[in-house]
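Residue numbers for the sequence shown follow my numbering, beginning at 1 and rising by one.
Note that beta-carbon positions come from the ideal geometry of N, C-alpha and C, so glycine has one too.
Heads up: the structure comes next, in structure tokens.
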Amino acid sequence: MFKEILFINESPVYGGHEEMFLRHIKEIAKNNHLYLNIIVNIKNERLIKEIDCLTKISSNINVNIFRHRFWGLPLRPITNFLCISDFFWLLKTIVSFKPIKVVLIQGTIEIGGLSLLAARILGKHTSTYLPITKKSKEIGVVFGRIRDFINKHFYYRLPHEIITISEFNKEELINNFNVDASRIRVAMNFIDTPSYPKQTNDSQRNNVLLIIGRIDLNQKRQDLFLDYFVRSELSDAFEVHIIGDGNDDASKAVRNKYGSMHNVFFCGWLGSEDVAHRLAQCRSVIIPSKFEGVPLVMIEAIKLGKTVIASNVDGMKEFLPPQWLFDVDEMSDSLRIISYLNERPQVFDDLLPVVQRKFNQIFDPIENSKKFMMLINSRK
């Protein structure tokens, strides 16, 4: 399966979307022999490592990796047109592989736009697996209006099919970028259901709030949350543990600013088993993001019996109870919801079993990967 399909991921960063793609591959490989032919950015060392780990645990996966150091200029999609050497390398590689279909693994339509263009010029049937469907101007990127114009009138018209991860994303594609509904498919995320550590009674009484994800000041906003948290009375009642890495100067500045505080702990990047253990022992998970797709940590936390306090956007707004959500434009509102953990615990306790049942039904590994497999194989 997938023998004549070429996957492409231009991103230098390993994020939740790459993680979800590999989860689909792993789940499909339980009952099928797969050929994973994929172009990756040589700078994305973790993606290469995770693919290698996947082949070691599954004999059903044959991997063929094409490594390339993409130039990756800022201000994409504008600067994509300057990456001439990358473009011709893509043309050459696609021609030599002769795929019947090209599938882009994209965080946003801009990251991978060059590959979309190359595949379409060569007349290949092209799909994109896309979790973030926001307008650039809404997420605060430079020249957002110009980028939105280019994306709407050029890049979003390139793929024959867009596979996204929620109905909320589908509506954004239709309303913000005039993508025809007939070109959009939805394949939900999921979390595997291994034997996670059991929740202990201590975890109901502890004071650990967990934030999971790379340190990112624009999207994840750990810094903004900490600014409000450390100055509030809640900082005497709770600790914040942050799991995630980040090597840029801004993320280092956040660690330097808050790392010495008695109630803020930076754990760095941890493996999946360690993350599951931390989740099982925490009081609640906090997602202060400005935008997200459908975060895997949200699904995992709920399946572990943990409450999730999150900004009211995207997948969090679509799937979590409104009582657990705070205003995305007012980070101080997160403190109001967190205070309910002690003052009004029934806000969480009464709803959690209902939310768990809902999540187990929606985010089912077998059904969702079966649909993903069908969409990847399709050429309609």
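Specify the secondary structure class of residue i as computed by DSSP and reduced to three states.
i, result
"residue 153", "helix"
"residue 142", "coil"
"residue 41", "strand"
"residue 110", "coil"
"residue 118", "helix"
"residue 203", "The predicted position of residue 203 is uncertain, since its pLDDT is 48 and thus under 50; a value taken from the coordinates is nonetheless stated next. If DSSP states are grouped into helix, strand and coil, residue 203 belongs with the helices."
"residue 53", "helix"
"residue 376", "helix"
"residue 266", "strand"
"residue 221", "coil"
"residue 124", "coil"
"residue 101", "strand"
"residue 292", "coil"
For residue i and residue j, I'd like the C-alpha separation in whole angstroms.
i, j, result
"residue 285", "residue 295", "12 Å"
"residue 10", "residue 269", "22 Å"
"residue 106", "residue 370", "20 Å"
"residue 79", "residue 114", "10 Å"
"residue 54", "residue 48", "10 Å"
"residue 345", "residue 333", "17 Å"
"residue 42", "residue 234", "43 Å"
"residue 72", "residue 273", "32 Å"
"residue 169", "residue 329", "20 Å"
"residue 116", "residue 378", "18 Å"
"residue 77", "residue 209", "37 Å"
"residue 232", "residue 215", "22 Å"
"residue 132", "residue 163", "11 Å"
"residue 143", "residue 306", "39 Å"
"residue 129", "residue 178", "18 Å"
"residue 225", "residue 135", "23 Å"
"residue 387", "residue 368", "Because the chain here runs from 1 to 380, residue 387 falls outside it and cannot be looked at."
"residue 275", "residue 46", "17 Å"
"residue 417", "residue 304", "Look at the range of the chain in this structure, 1 to 380, and you will see that residue 417 is not part of it."
"residue 365", "residue 192", "6 Å"
"residue 278", "residue 84", "45 Å"
"residue 61", "residue 355", "35 Å"
"residue 360", "residue 31", "21 Å"
Given residue i, which residues of its chain have a CB within under 6 Å of its CB, disregarding the five upstream and five downstream residues?
i, result
"residue 206", "283"
"residue 203", "Confidence at residue 203 is low in this model, with a pLDDT of 48, below 50, so its placement is unreliable and no value can be given for it."
Under 8 Å by Cβ, that's how I've got residue i and residue j pegged, so tell me the actual separation to the nearest angstrom.
i, j, result
"residue 28", "residue 100", "Between residue 100 and residue 28 the Cβ distance is about 18 Å, and since that is not below 8 Å, they are no contact."
"residue 299", "residue 190", "7 Å"
"residue 219", "residue 290", "6 Å"
"residue 122", "residue 95", "7 Å"
"residue 186", "residue 172", "Contact doesn't hold; Cβ gap of about 12 Å is too wide."
"residue 362", "residue 188", "6 Å"
Using C-beta distances below 7 Å, list every residue in its chain close to residue i, excluding the 5 sequence neighbours before and after it, in chain order.
i, result
"residue 347", "323 and 340"
"residue 351", "321 and 323"
"residue 292", "313, 314, 315 and 316"
"residue 87", "114 and 118"
"residue 19", "296"
"residue 140", "218"
Using only alpha-carbon positions, find the residue among the options that is nearest to residue i.
i, options, result
"residue 318", "165, 114, 243 and 185", "165"
"residue 103", "273, 68, 83 and 118", "118"
"residue 342", "182, 180 and 236", "236"
"residue 180", "141, 188 and 159", "159"
"residue 227", "288, 188 and 192", "288"
"residue 126", "183, 211, 267 and 70", "183"
"residue 145", "167, 124, 157 and 176", "176"
"residue 17", "98, 349, 3 and 108", "108"
"residue 59", "302, 34 and 3", "34"
Kindly list the residues whose CB is nearer than 8 Å to the CB of residue i, restricted to its own chain and excluding five residues on each side of it in sequence; keep chain order.
i, result
"residue 51", "22, 36, 38, 40, 63 and 65"
"residue 89", "68"
"residue 230", "258, 261, 263 and 264"
"residue 252", "246"
Distance cutoff 9 Å, beta carbons only. Does residue i sit that close to anything in chain C?
i, result
"residue 270", "Absent from the structure: chain C. Only one protein chain is present."
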